[in-house]
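S.K.: In the working numbering, the protein residues as written are 6 to 163. Beta carbons are placed, not taken as given, at the ideal position from N, Cα and C, and that holds for glycine.
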């Protein structure tokens, strides 16, 4: 098993993993929206150009997991050095590869990168099943982030 930063050559595998995650979480068929592959690839190009990061987990030549992280630069302030933080999104491991350390290795890649770069914090939203994974990696629920969920009229196409 290898976890490494994702590159353009991995886009097709990332599209497939994203489709598989939507099938699992929302029942969206693997062949839904044929234009999705192109739309996802264009989105990924933009995100990575903005400094977001992606890692893939590969086992015997097949992609079995992914993790993306948006990187946000903090607003400059007098007498505070520049810093950034990461928002971990779209972590997914194929069901047949779970409970084998794949998620642990993906999270470790993100946290090691963040630590090496001196990120102020990492945040994420986890499924109930994933909470123990993130807790083992040092995440906790004790940060006072506030969240506003949009009302149906505020957000179309959710």
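Per DSSP, residue 155 is paired with what?
M.R.: Its beta-bridge partners do not exist; DSSP assigns none.
S.K.: Please identify the residue among 25, 82 and 71 whose C-alpha is closest to the C-alpha of residue 41.
M.R.: Out of 25, 82 and 71, 25 has the C-alpha closest to the C-alpha of residue 41.
S.K.: Determine whether the beta carbon atoms of residue 59 and residue 70 lie at a separation below 7 Å.
M.R.: Against a cut-off of 7 Å, the Cβ pair of residue 70 and residue 59 comes out as no contact.
S.K.: Are residue 68 and residue 93 close, meaning C-beta to C-beta below 7 Å?
M.R.: Not in contact: residue 68 and residue 93 (Cβ atoms no closer than 7 Å).
S.K.: Starting from residue 93, trace the beta strand (DSSP E) both ways and give me its first and last residue.
M.R.: First-last of the beta strand (DSSP E) with residue 93: 89-98.
S.K.: Smallest Cα separation from residue 85: which of 125, 66 and 51?
M.R.: Considering only alpha carbons, the answer is 125.
S.K.: Can you name the residues that DSSP bridges to residue 71?
M.R.: Partner(s): 61 and 97.
S.K.: Within a Cβ cutoff of 6 Å, which residues of the same chain sit near residue 91, ignoring the five residues on either side of it in sequence?
M.R.: The answer, listed in chain order, is 74, 76, 119, 124 and 127.
S.K.: Below 7 Å CB to CB, which residues in the same chain sit around residue 18 once its five sequence neighbours on both sides are set aside?
M.R.: For residue 18, where only same-chain residues beyond five positions count, the Cβ hits under 7 Å are 61 and 68.
S.K.: In three-state terms, what does DSSP make of residue 126?
M.R.: Looking at residue 126 - three-state DSSP - the assignment turns out to be coil, as it is neither helix nor strand.
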